[in-house]
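Right, one structure below, let's go through it.
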Amino acid sequence: MIIRSSSPLTEEPAAPPALPCGLASCAEGNPQCEAAPGNSETTSDCCGPPIPPGCRLDSDDEPAPVPLDWRDVHAEVQRHGRDERWQHDGRHLQTLTLGEGPPLYLPCGLSGRSELFCLLAWLLKDSFRCVMIDLPAPALRGRLNRDAPLNQPVADLLDVMDRAGDETAVVYGAGFSGLVAIELTRAVPHRVAGLILQSVGFQQELSTAERFLARCGLVLPWLPIRRVPAVQTIQLRNHRMWFPPGAEDRWNYWADAAGTTPAGDVSRRLIAADRLAAAGGLPAGVPAQGKRIVPDSVPVQLLRTEGDGERLAGAADRLTAQLSNPRIAWMGGCGQLAYLTHPHRTARLVREFAAPETTASAAGG
8 MIIRSSSPLT
18 EEPAAPPALP
28 CGLASCAEGN
38 PQCEAAPGNS
48 ETTSDCCGPP
58 IPPGCRLDSD
68 DEPAPVPLDW
78 RDVHAEVQRH
88 GRDERWQHDG
98 RHLQTLTLGE
108 GPPLYLPCGL
118 SGRSELFCLL
128 AWLLKDSFRC
138 VMIDLPAPAL
148 RGRLNRDAPL
158 NQPVADLLDV
168 MDRAGDETAV
178 VYGAGFSGLV
188 AIELTRAVPH
198 RVAGLILQSV
208 GFQQELSTAE
218 RFLARCGLVL
228 PWLPIRRVPA
238 VQTIQLRNHR
248 MWFPPGAEDR
258 WNYWADAAGT
268 TPAGDVSRRL
278 IAADRLAAAG
288 GLPAGVPAQG
298 KRIVPDSVPV
308 QLLRTEGDGE
318 RLAGAADRLT
328 AQLSNPRIAW
338 MGGCGQLAYL
348 THPHRTARLV
358 REFAAPETTA
368 SAAGG
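Under the numbering used here, the first residue of the sequence shown carries the number 8, and numbering increases by one thereafter.
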C-alpha cells in the first residue's frame with residue numbers, strides 16, 4: 008500500500024538562505040538540483056528526484072496546525088519526560104520517555120541526540136509512549152564488530168526494551184538509526200511491531216566527503232564535528248532550506264546539537280554503516296539472495312522526502328525491492344529532518360501507520 012504527502016500546512020519550507028561564496032542554492036521549484044554528496048544527516052544530497060512511481064501524497068484537506076515553538080515544547084518534554092540512565096555491558100545508555108500507550112521507539116541518528124525527536128514525541132504523546140533513546144556509537148575493533156558492525160547498537164536497543172518490559176515496539180529509524188532498526192528487525196522480528204524508515208542509506212557506501220569526515224574522526228575523535236572543514240557548509244546547504252519560516256530557533260538548535268557531537272562518534276557510526284553497505288546491507292553469514300531484509304510478518308512504512316537526493320532515493324529503491332509490501336509515503340517540501348522541520352505531517356503518517364484506530368476515531372469525532 009502506498010501513500011503520498013504534499014500538504015504545505017503552516018510548515019511550508021523557507022526559501023533557501025544565502026550560501027557561502029562558491030555555493031549556489033537550489034533553484035526554486037527544481038527537484039533535480041545538484042548538491043553536496045552524502046547519505047546521512049550530516050552530509051547528503053539536498054534535493055531528490057521526482058515523486059517515485061506508486062507513491063501517493065499526504066492529504067492536504069486538513070486544517071493548518073498550530074505552529075510549535077521549539078523552546079516551549081523542548082522545555083515541556085524535559086519537564087514531563089521520564090529520564091533514565093544506566094550502563095549495559097559498560098556502555099552508557101539514556102532514554103527520555105513521554106506519553107502513554109503502545110511503545111514507539113525513537114533511537115538517535117548520526118548525531119547521537121534523540122532529543123531531536125522531541126517535537127514529534129510531543130505530538131504523539133497521547134497515542135504512544137514515545138521512548139527517545141541515546142545509543143553509544145558502535146565499537147569498530149574485534150571480529151564480531153567487523154562482521155556484524157551494528158551488533159552493539161542492536162544489543163543496546165534490546166536492553167532498552169527488556170528494561171522497559173516491552174515485548175514489542177514500533178521503531179522509527181531515520182538516517183543511521185534506520186540501519187540499526189533494520190538490523191534489530193532482522194535479528195528479532197518478533198520484537199518489532201512495526202518499522203518506520205526515513206532517509207536510510209541502505210546498501211550505500213560512504214561518499215568521498217563522508218570518508219574524509221570519518222578519517223578526521225579517527226585522528227581527532229574529541230573534535231566537535233562542526234569544526235571539521237566544510238561540515239557546516241554542507242549542513243547549511245542540505246538542511247536549512249527545509250525549515251519552515253519562523254523556525255530559526257529550531258534550525259539553530261539542530262545545528263548546535265548536531266555540531267557538538269564528537270567527530271569520533273560520528274566517525275564510528277559512519278564506518279559501521281559503510282561496513283554494512285560493503286556486505287550488501289547484510290551482516291556476514293546472512294545470504295544475500297532468497298531472504299528479505301525484513302521478514303514479511305513485520306509491517307514497514309517508508310517515508311520518502313523531497314530532500315533525500317538521488318543517492319538516498321536510490322537507497323530507498325533498493326530497500327523497497329527487498330520488502331514484500333511496504334507502505335510508502337512521499338513528503339513533498341520536506342528534507343531529511345522531517346520529524347523536526349514538519350513534525351505535524353510526520354506525526355500524522357506515524358499515527359496512520361502505527362495507530363490507525365486513533366486516526367479513525369479522531370476523524371470521526
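We put the CB at the ideal spot given by N, CA and C, even for glycine. These figures come from a predicted structure and were not determined experimentally.
{"Query": "Helix, strand or coil, according to DSSP, for Pro251 in the structure here?", "Result": "coil"}
{"Query": "When the distance is taken between beta carbons, is Gly201 closer than 9 Å to Gln101?", "Result": "no"}
{"Query": "Assign Arg234 to one of three DSSP states: helix, strand, or coil.", "Result": "helix"}
{"Query": "Buried or exposed: which applies to Val238, given that a residue is buried once 16 or more other Cβ atoms fall within 10 Å of its Cβ?", "Result": "buried"}
{"Query": "Rounded to whole angstroms, what is the Cα-Cα separation between Asn152 and Thr353?", "Result": "33 Å"}
{"Query": "On the criterion of 16 or more Cβ atoms from any shown chain inside 10 Å, does Gly149 qualify as buried, or is it exposed?", "Result": "exposed"}
{"Query": "Among Gln159, Ser304 and Thr348, whose alpha-carbon lies nearest the alpha-carbon of Arg276?", "Result": "Gln159"}
{"Query": "Tell me the DSSP secondary structure of Leu191 in three-state form.", "Result": "helix"}
{"Query": "When you compare the stretch 189 to 201 with the stretch 118 to 134, are there three or more beta-carbon pairs, one atom per stretch, that lie closer than 8 Å?", "Result": "no"}
{"Query": "Identify the continuous alpha helix (DSSP H) that holds Glu83 and give its terminal residues.", "Result": "Trp77 to His87"}
{"Query": "Going residue by residue through the stretch 155 to 203, where are the continuous beta strand (DSSP E) segments of at least 3 residues, counting only ones entirely within it?", "Result": "176 to 181"}
{"Query": "Please name the residue, chosen from Leu117, Val357, Pro231 and Leu227, that lies closest to Thr185 on a Cα-to-Cα basis.", "Result": "It is worth fixing the name first, because residue 185 is Gly in this sequence and not Thr. The shortest C-alpha separation from Gly185 is found at Leu117."}
{"Query": "Just reading off the alpha helix (DSSP H) that Val138 is part of, what are its end residues?", "Result": "Segment Arg136 to Asp141 is the beta strand (DSSP E) holding Val138; no alpha helix (DSSP H) there."}
{"Query": "Among Gly108, Ala162 and Asp154, whose alpha-carbon lies nearest the alpha-carbon of Gln94?", "Result": "Ala162"}
{"Query": "Tell me which residues share the same chain as Lys132 and place their Cβ nearer than 6 Å to its Cβ, disregarding the 5 neighbours each side in the sequence.", "Result": "Leu105 and Gly106"}
{"Query": "Measure the alpha-carbon distance for Leu230 versus Leu220 and round it to whole angstroms.", "Result": "11 Å"}
{"Query": "Contact defined as beta carbons within less than 8 Å: I believe Cys125 pairs with Val80. What is the distance between those atoms, to the nearest angstrom?", "Result": "6 Å"}
{"Query": "Do the stretch 341 to 359 and the stretch 257 to 272 touch if we need at least three Cβ pairs shorter than 8 Å?", "Result": "yes"}
{"Query": "In angstroms, rounded to a whole number, what distance separates the CA positions of Phe183 and Pro114?", "Result": "9 Å"}
{"Query": "May I ask you to check if the CB of Ala361 is nearer than 8 Å to at least one heavy atom of the ligand GDP?", "Result": "With respect to the ligand GDP, the structure offers nothing, as it holds no ligand at all."}
{"Query": "Please name the residue, chosen from Asp303, Gly172 and Val226, that lies closest to Pro109 on a Cα-to-Cα basis.", "Result": "Gly172"}
{"Query": "Taking C-alpha atoms, which residue in Pro306, Arg92, Leu225 and Pro252 lies nearest to Thr175?", "Result": "Pro306"}
{"Query": "For Ala285 and Ala328, I'd like the C-alpha separation in whole angstroms.", "Result": "18 Å"}
{"Query": "Comparing C-alpha positions only, which one of Gly208, Ala279, Val187 and Val199 sits nearest to Arg311?", "Result": "Gly208"}
{"Query": "Mind checking Pro363: buried by the 16 CB within 10 Å criterion, or exposed?", "Result": "exposed"}
{"Query": "Going by DSSP, name the residue or residues bridged to His246.", "Result": "According to DSSP, His246 bridges with nothing at all."}
{"Query": "Are the C-beta atoms of Gly340 and some chain C residue less than 9 Å apart?", "Result": "No chain C appears in this structure, which consists of one protein chain only."}
{"Query": "Considering only C-alpha positions, which residue in the set Met248, Ala336, Asp272 and Gly342 is nearest to Val357?", "Result": "Ala336"}
{"Query": "State the beta-bridge partners of His99 as determined by DSSP.", "Result": "Gln94"}
{"Query": "Below 9 Å between beta carbons: does that hold for Leu147 and Ala279?", "Result": "yes"}
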